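In this text, residue positions in the first sequence follow the numbering used here: the first is 1338, and each later residue adds one.
Backbone N, C-alpha and C fix where the C-beta goes; we use that ideal spot for every residue, glycine too.
Quick caveat, the model's predicted, so the values are computed rather than measured.
Below is one structure, written out as C-alpha cells; the observations come after it.
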Amino acid sequence: MDNNLTLYNTLSRKKEEFKPINPPHVGLYVCGPTVYGDPHLGHSRPAITFDLLFRYLTHLGYKVRYVRNITDVGHLENDADDGEDKIAQKARVEQLEPMEIAQYYSNRYHLFMDALNVKRPSIEPRASGHIIEQLQIVKEILDKGYAYQKNGSVYFDVEKYDKDHRYGTLSGRVLDELLSTTRELEGQSEKHNSFDFALWKKATPTHIMRWPSPYSEGFPGWHIECTAMSTKYLGDQFDIHGGGMDLLFPHHECEIAQSVAAKGKTPARYWIHNNMITINGQKMGKSLGNFITLEEFFTGNHKLLNKAWSPMTIRFFILQAHYRSTVDFSNEALQAAEKGLERLMNALEQMEKIKPAGQTTFDIQNFKNKCYAALNDDLNSPVLIAHLFEGTKVIKAAVAGKESFTKKDLETFIHTMHLFSEDILGLKVETEGANPHPQILEGVMKLLLEVRQQAKNVKDFETADRIRDGLKQLGIEVRDSKDGAEWVVKTP
RNA sequence: GGUCGGUUGGCCGAGUGGCUAGGCAGCGGUCUGCAAAACCGCGUACGGCGGUUCGAAUCCGCCACCGACCUCCA
1338 MDNNLTLYNT
1348 LSRKKEEFKP
1358 INPPHVGLYV
1368 CGPTVYGDPH
1378 LGHSRPAITF
1388 DLLFRYLTHL
1398 GYKVRYVRNI
1408 TDVGHLENDA
1418 DDGEDKIAQK
1428 ARVEQLEPME
1438 IAQYYSNRYH
1448 LFMDALNVKR
1458 PSIEPRASGH
1468 IIEQLQIVKE
1478 ILDKGYAYQK
1488 NGSVYFDVEK
1498 YDKDHRYGTL
1508 SGRVLDELLS
1518 TTRELEGQSE
1528 KHNSFDFALW
1538 KKATPTHIMR
1548 WPSPYSEGFP
1558 GWHIECTAMS
1568 TKYLGDQFDI
1578 HGGGMDLLFP
1588 HHECEIAQSV
1598 AAKGKTPARY
1608 WIHNNMITIN
1618 GQKMGKSLGN
1628 FITLEEFFTG
1638 NHKLLNKAWS
1648 PMTIRFFILQ
1658 AHYRSTVDFS
1668 NEALQAAEKG
1678 LERLMNALEQ
1688 MEKIKPAGQT
1698 TFDIQNFKNK
1708 CYAALNDDLN
1718 SPVLIAHLFE
1728 GTKVIKAAVA
1738 GKESFTKKDL
1748 ETFIHTMHLF
1758 SEDILGLKVE
1768 TEGANPHPQI
1778 LEGVMKLLLE
1788 VRQQAKNVKD
1798 FETADRIRDG
1808 LKQLGIEVRD
1818 SKDGAEWVVK
1828 TP
C-alpha cells in the first residue's frame, strides 16, 4: 500500500492523505438510489465517481468492502407529517405492491449501471430489509436521550444534540441560523423544532408500507437507514462515506448526528461528495423540465438531445471533468467526448500493432508516475485522461516508426495503457448491436471492397463511388489507407 | 436573506506564483482519382478594478455575474 492517495474531505474542507483505519481493509459506504423512478443522468455521476474510487483503491491493493444501499422505504415526498413515501406513492399510482416498484426500478438501475461499466458494490443492502437494525439504532438514540416520542413517532432532538456535540459540522451550518432561515412547512406540529427529523414515523391508516415497533405501527425515517446499514456492515466507524453534494445537508449531517448520538463516533473519517450535473448550464431537476433518463440518453429520444449517446461516451464525458466540479451536458460537449473517446480507443487497438525494436525512446516510468500522480491528487481523472492522450500520440508515433520500444518495455507500456484506461477508468470498446452473422458481413464487405478496388484500378470511379456512397447510406463508413480499405459501422 | 462554490481561448475542461494540460471544433499540410478517415503542425485564454510581488490567470481586497444548498432531487 505504498501510495500517496489524497482525497478531499468535506469534513475538513481540504485534501488529506488517505490512511485507512485497518489496512489493508477499506470500508466504503455510498448513498445509493431511491428506487421509485427510472435511473437518470444524475444517478450516473456518483456511481461513476465512486466506481473510480473503488477500482483505484482495489488496484492499490486494498481489500475494499463497498456498500451501496438501495432506498426502498422511508424517503418521503416532503418533510411534513403527512408527507408520502416516494415508493408508496408510486405504488398507489401504478396499483402495484411497493416491493414491485422497488424491484422493478432496482433492476432498471442495475441494467443501466452495468451499461456504464459501473462495478457492482460488495454489498447492496435494502432499507426495508433492515427495519430491525434501524429500530435498534432508534432505541439507542432514545436511550441516550437525543430523541423524543410524539403520537407514536420518534424525532431526533437536534437542539439537545447541538448542546453536547454541535450539529452542522459537515455542512458548516450553525443551528441559530437554521432556526431563522428554515422555511416553515405545514403540519410540523409534532416536532419541537423545524430542523428536528424523524427517526420513526407512525403510519397513517392508508399508508401501505408499515412495520410493528414499540412506538407504533409505522416506518423508518429516511436518514436512519444509512446509519443502520453502514454500522451493520462496516462498523461504528469506517473509512469513507460518499454521495452527491445534494445529500450533504441534511442527509449526511443527520447521519453524523445519529451515529454520534448512538455510538459516540462520527461514522466515517473521510466524507467525499461529487458535484452535480447541469444541462446547458442549468441544474437538472424534475421541476425544471430538463430531466433526462439514461434510457433517453442511450436512445436519443429526448427533445434536448440531437442524437443517441452511448454509455461509454457518457462515462468518458463525466470522467473528463473532476468529480468536485459541476459538469455541463450539451450536445456539443458530448460530441467532443465521443470523438475523443474514439481516438483513445482506436489508439489502444493500434497499440497491438507496434513491433518491438532494439531500444526504447520513450520514458515509460515517468509516464506511469504521472498517471499515478494524477489519481493520487484527489482522483484527478481529467489530468489522467490528458496523460493517456499523450500516450496515444506515442502509440501513433511508434506505429509510424518514430518512437520505439524494446520487447519488455513495449509490454510494460501496453500494460500501463490498459491498466489506466480500462481497469481503473473503466472505459471499454463498445461493440455495436449484436450481429447474429458477423462472419457473413465480414465476407460481404471483403467482397464489396475488392470489387471497388478493381473498379478503381481501371479508373471506373463511378462504380467505386457508388459502392462507397451506398455503404455510407447504410451506415458503413469506408476508410481508405495505404494498406487498403477498412470499414467501420457508424450509427448516426 | 444565510452558507458554500464558481467565472479560463469558438465549445468542454485541467492547472500552477515565473517552465503557460488535454479533448472537440477551426485553420494549414501530408495522403487520395475526388472525398472521408488517418497522421503532422498551428492558435498564447484565464470576469472587472485595485493591492502584494522582481514577476499573478494563480495570493489578498472590493465589485459584477452565475450556480448549489437551506424544500424533493444523485
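Counterpart residues of residue i in DSSP-defined beta bridges
i	result
Gly1580	His1610
Glu1814	Val1825
Glu1354	Thr1343
Phe1726	Per DSSP, none; premise fails for Phe1726.
Gln1432	Answer by DSSP bridge pairing: none, since Gln1432 is not bridged.
Ala1484	Phe1493
Ala1605	Phe1575
Asn1794	Paired residue(s): none; Asn1794 is not in a bridge.
His1377	Thr1630
C-alpha gap between residue i and residue j, whole angstroms
i	j	result
Leu1402	Glu1748	The amino acid at residue 1402 is misidentified as Leu; the sequence shows Arg. Their backbone Cα atoms lie some 32 Å apart in a straight line.
Pro1361	Lys1400	6 Å
Phe1635	Ser1647	5 Å
Phe1586	Leu1479	23 Å
Cys1563	Glu1592	7 Å
Leu1571	Ile1460	10 Å
Ala1822	Gly1812	16 Å
Glu1434	Ala1428	6 Å
Asn1668	Gly1558	40 Å
Glu1477	Leu1756	46 Å
Phe1556	Ile1545	10 Å
His1610	Val1815	45 Å
Ile1691	Leu1762	23 Å
Leu1642	Gly1374	21 Å
Ser1448	Leu1785	It is Leu, not Ser, that sits at residue 1448 in the sequence shown. Answer to the nearest angstrom: the Cα atoms are 38 Å apart.
Gly1581	Pro1551	34 Å
Arg1350	Leu1716	16 Å
Same chain, Cβ closer than 6 Å to residue i, five either side skipped, listed in chain order
i	result
Asn1341	Asn1713
Leu1584	Cys1368
Met1566	Asn1406, Pro1462 and His1467
Contact set for residue i: own chain, Cβ-Cβ below 7 Å, skip 5 residues either direction
i	result
Met1688	Ile1732, Ile1751 and Met1754
Glu1521	The predicted model places Glu1521 with a pLDDT of 47, which falls under 50 and marks its position as unreliable; any figure quoted below should be read in that light. Cβ neighbours of Glu1521 beyond the five flanking positions: Ser1531.
Lys1793	Ala1801
His1560	Phe1534, His1588, Cys1591, Glu1592 and Gln1595
Val1597	His1502 and Thr1603
Lys1707	His1724
Beta-carbon proximity list for residue i, same chain, < 8 Å, skipping 5 on both sides
i	result
Val1495	Tyr1504, Leu1512, Asn1530, Phe1532, Asp1533, Phe1534 and Ala1594
Met1436	Asp1409 and Ser1465
Simplified DSSP assignment, three categories, for residue i
i	result
Leu1472	helix
Leu1365	strand
Val1736	helix
Ile1629	coil
Val1788	helix
Tyr1492	strand
Asn1359	strand
Arg1445	helix
Thr1743	coil
Arg1463	strand
Thr1749	helix
Lys1620	strand
Thr1371	strand
Thr1615	strand
Leu1522	Residue confidence for Leu1522 is low, a pLDDT of 46 falling below 50, so the modelled location carries little weight and cannot support an answer.
ask   = Which full runs of the alpha helix (DSSP H) of 4+ residues lie inside the stretch 1635–1722, going along the chain?
value = 1648–1656, 1668–1687 and 1701–1713
ask   = Which residue spans inside the stretch 1531–1595 form an unbroken beta strand (DSSP E) run of at least 3?
value = 1534–1539, 1555–1557 and 1575–1581
request  = Let me know the beta strand (DSSP E) ranges lying completely inside the stretch 1381–1412, each 3 residues or longer, listed in chain order.
outcome  = 1400–1405
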